[in-house]
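See structure below.
Numbering (this note's numbering), first residue to last: -10 to 513.
Okay, here's the thing in C-alpha cells:
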C-alpha cells in the first residue's frame, strides 16, 4: 500500500486541496490481489487504490470514455504472422498504467483509508492523473501511450487502433496493445530491444520476456511453430464445477443429443448454468472444437432444464479428456488467406432457423471462426448456405483490411462453399423465386465477387473445414475435422514441450468416417 502511494507521489497523480463549494468528492477503496503465472504460482502481491467510479455522473465527472482494446482475433492473427515470419513475440507490462493518463475534468477524491493526513483530515485530493476505477481512465491512458508511440515514428493501424507498426531498414516491428499489456515482435531482434528502451523512457515497465501467458491464453513458442492453448483454464473450470474426476468423453456433443426447450423437465440452477456457459464461451478463444455445442447450449440460459445441464456437462467431460488441445501455427507453410463457409439447414428445434458457420485460415493456421444462428428462417439449403457465405465474406474483408497494416495485400481471396446453388447465386445476380425474399444486406457478397475481393470455389463436403461448427459428429469424423482445422495436443515430457501427433486421425480413420456416413445415408 505504501509502495502504491509512493508511486502516486512520484508521478504527481494528485494534490491535497480544500473541497470547493458546490463540488463533491468520490470515495476510494483498497483492492488486494495475488498475481499468478500460467502454473498458478504467486509471482506478485499487489495493493491498488481504486476510485469508486460508479458514483460518477456523466457530463459532470466525465464526458468521453471510449478506449480501443485489441480483439482476441487480432491477437491470433499477430501470432500467426509471427510464426510465418519466424520471430519471437515478447511481452511488456506497464506498472500502474492508468496513472500516466492525464485527466481533463476536475475530479476530487477522498483520502485513502488508513492514510488520512492527521493535520488536514477534511481536505480532499484533486486528480491530475487518472486512477483505476475512473470511467475516463482507460481513454486517458490510451491517449498518453499512443502519443508517445506516434512521436517515436510508429504508425497506428487504420483498422485496428491498438496495432502500431514501424519499418526500419526493411525490418518490421509490430506492437499490439491490450490496455496495459503490450506484446511485440520483429524480424530484427535489435528493434525489440530498442522498443523496450523507448517505452522505459516515459513509462515504468516490467519486461516479462517471451510471451507465455496473455489474456488467459497460454502461448508456447517452439522451434517448429507456436502453440496456443488454455490448459490451466480448463483445469480451473473443471475444478470449479466439480468435474475434475468425471469420465472423459470422446466428443463434446453426442450425435443423437436431441436438445430442445424441454418445458416439462426438472429445472436447473440458472446462475450455475449461466456460469458454466460463460466459462465455456471464454474457452472458445482457443478451442473452436467446442464452439458449436457451447452456442447450442447457450440458447437455453433463460430457462435451463436438467437435460440441458447434461449437454453442458458432456462438454466438460470432453475437456477432461483433452485439456491441452489447442491451435498449432507451424513455422513452415504458406500464408495465403482462405475462407470456409457452411451451414446446417433448419437445425433449431424452436423456430427452424439455420446455423451460420465459417472459419478463416492463413495457410494451415486457423485464426478466426464463427458459429451463429441465422436471424431469419431459410426456405432452402441454398438460401442458408448463401447467407452463411455472406457472413464469412464480411469476416474476410475485415482480415484483408487488418493485414494492410502488416504490409500485406490480399485480393481475390478464395471462399470455399460446398453448395453449388449458393455459388451460382453469387456469380449470377439474377432474382428468382429462391432469392427475391433474401434480405438485401446478404447480397453484398455479389459486389465483393465482382470487385474481385473474393472468389467462390466449390469444395467437397468431406473437406469442408467449417463443418466442425454446424453439427455433432462421431469420433472418427470429429477427429478428422480437428486435423483439418490445425488442432493438436500439447505434450510435456521431462520438461520438454512438444506437439503430440498421435491423437490426430490418419487416412484410415478418414476412410472409415466416409464409409460410416455412406451407410448412414441409406439407413444402414
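For glycine and all other residues, C-beta sits at the position ideal for the given N, C-alpha and C.
Spanning the alpha carbons of residue 321 and residue 197 requires a straight line of approximately 27 Å. Cα atoms of residue 409 and residue 367: separation of roughly 17 Å, rounded to the nearest angstrom. Burial of residue 458 is indicated by the presence of at least 16 other C-beta atoms within 10 angstroms of its C-beta. Beta-bridge analysis with DSSP links residue 44 to no other residue. By a beta-carbon distance limit of 8 Å, residue 226 does not contact residue 98. Their separation comes to about 37 Å.
Runs of the beta strand (DSSP E) spanning 3 or more residues and lying entirely within the region 173 to 233 occur at 194 to 199, 206 to 211, 214 to 218, in chain order. The residue among 110, 168, 161 with its C-alpha nearest the C-alpha of residue 135 is 168. Residue 242 places its beta carbon less than 8 Å from that of residue 282.
Along the region 390 to 478, the beta strand (DSSP E) occurs as fully enclosed runs of 3 or more residues at 402 to 406, 443 to 447, listed in sequence order. Cβ neighbours of residue 166 within its own chain (closer than 6 Å, five residues either side excluded): 151. Rounded to the nearest whole angstrom, the CA to CA distance from residue 301 to residue 3 is 50 Å. The straight-line gap separating the alpha-carbon atoms of residue 181 and residue 187 is approximately 10 Å. Annotation for residue 271: no beta strand (DSSP E) segment contains it, though the alpha helix (DSSP H) segment containing it runs 259 to 272.
Our two residues, residue 235 and residue 256, have alpha carbons roughly 22 Å apart in a direct line.
Distance from the CA of residue 70 to the CA of residue 380, rounded to the nearest whole angstrom, comes to 24 Å.
Its chain contains 290 as the residues whose beta carbon lies nearer than 7 Å to that of residue 263, once the 5 sequence neighbours on both sides are disregarded; these appear in chain order.
Comparing C-alpha distances from residue 365 to each of 82, 386, 343 shows the shortest one belongs to 343.
Residue environment for residue 55: exposed (fewer than 16 other C-beta atoms within 10 angstroms of its C-beta). The beta carbon of residue 177 lies closer than 6 Å to those of 160 in the same chain, with the five residues before and after it left out. Counting other Cβ atoms within 10 Å of its Cβ, residue 437 reaches 16 or more and is therefore classed as buried. When the Cα atoms are used, residue 271 and residue -2 turn out to be separated by approximately 38 Å. Distance from the CA atom of residue 439 to the CA atom of residue 417, rounded to whole angstroms, is 10 Å. Residue 378 is positioned such that its CB atom lies closer than 8 Å to that of residue 415. The Cβ atoms of residue 214 and residue 358 lie no closer than 8 Å to each other. Beyond the five residues adjoining it in sequence on each side, residue 102 comes within less than 7 Å, by CB distance, of 19 in the same chain, given in chain order.
Around the beta carbon of residue 122, 16 or more other beta carbons sit within 10 angstroms, so the residue counts as buried. A Cβ-Cβ separation of about 7 Å places residue 120 in contact with residue 39 under the 8 Å criterion. In this structure, the straight-line span from the alpha carbon of residue 22 to that of residue 36 is close to 7 Å. Short of 7 Å from the beta carbon of residue 77, and not among the five residues preceding or following it, lie these beta carbons of its own chain, in chain order: 174, 199, 210. No Cβ-Cβ contact shorter than 8 Å links residue 454 with residue 307. In this structure, residue 352 lies near residue 325, with their beta-carbon atoms less than 8 Å apart. Cβ-Cβ distances below 8 Å link residue 88 to -4, -3, 0, 2, 118, 119, 120 in the same chain, with the five nearest sequence neighbours on each side left out; the list follows chain order. With distances taken between CA atoms, residue 108 lies nearest to 6 out of 142, 6, 64. The continuous beta strand (DSSP E) containing residue 163 extends over residues 160 to 167. The shortest CA-to-CA distance from residue 473 to any of 456, 479, 464 is the one to 456. Separation of residue 338 and residue 92 (C-alpha to C-alpha, rounded to the nearest whole angstrom) is 52 Å.
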